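Going by the UniProt record's numbering, the sequence shown opens with residue 1, and the numbers climb by one from there. By construction, the Cβ of each residue, glycine as well, lies at the ideal position given by its N, Cα and C atoms. This one's a predicted model, so the numbers in the text were calculated from it and none came from an experiment. Here's the structure we're looking at; comments come further down.
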Amino acid sequence: EFVESLARIAVAQICDSVGLQGCQVSALNALSNVMCKYVQDLGKVSSLYANLAGRGESNVFDVVRGMEDLGVCHGFAGGSDLDCCVLESGIVKEVMRYVDVTEEV
Numbered sequence: 001e002f003v004e005s006l007a008r009i010a011v012a013q014i015c016d017s018v019g020l021q022g023c024q025v026s027a028l029n030a031l032s033n034v035m036c037k038y039v040q041d042l043g044k045v046s047s048l049y050a051n052l053a054g055r056g057e058s059n060v061f062d063v064v065r066g067m068e069d070l071g072v073c074h075g076f077a078g079g080s081d082l083d084c085c086v087l088e089s090g091i092v093k094e095v096m097r098y099v100d101v102t103e104e105v
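Given below as structure tokens:
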């Protein structure tokens, strides 16, 4: 229940940051559930990449590759290039752009 509460707070802050004045509790709960599922899947995929590399723990490179994999329906520039620098990853650029334009809560 603690994780779900944190997810609701994070989703509410994201909604606020993009200009939504409010939302129904059911919508907030649905988005929170999606966020929790995404984070769980990201952990699984990151762990898979760590295991494939012979490591027991994931690192930032595993997480970036996991984010690129999970963005397959949307796609990210450079997501299929296995030899590119992590800073050239489309998902890393998207996260950096979001951090640059978003005010701290």
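Compare the Cα-Cα distances from residue 70 to each of 53, 20 and 42 and report the closest residue.
42
Taking Cβ positions, are residue 47 and residue 58 nearer each other than 8 Å?
yes
Residue 35 to residue 68 span [Cα, whole Å]:
16 Å
Out of 96, 8 and 94, which one is the CA nearest neighbour of residue 28?
8
Reducing DSSP to helix, strand and coil, say where residue 59 ends up.
coil
Once the 5 residues before and after residue 63 are set aside, which same chain residues still bring their CB inside 8 Å of it?
42 and 46
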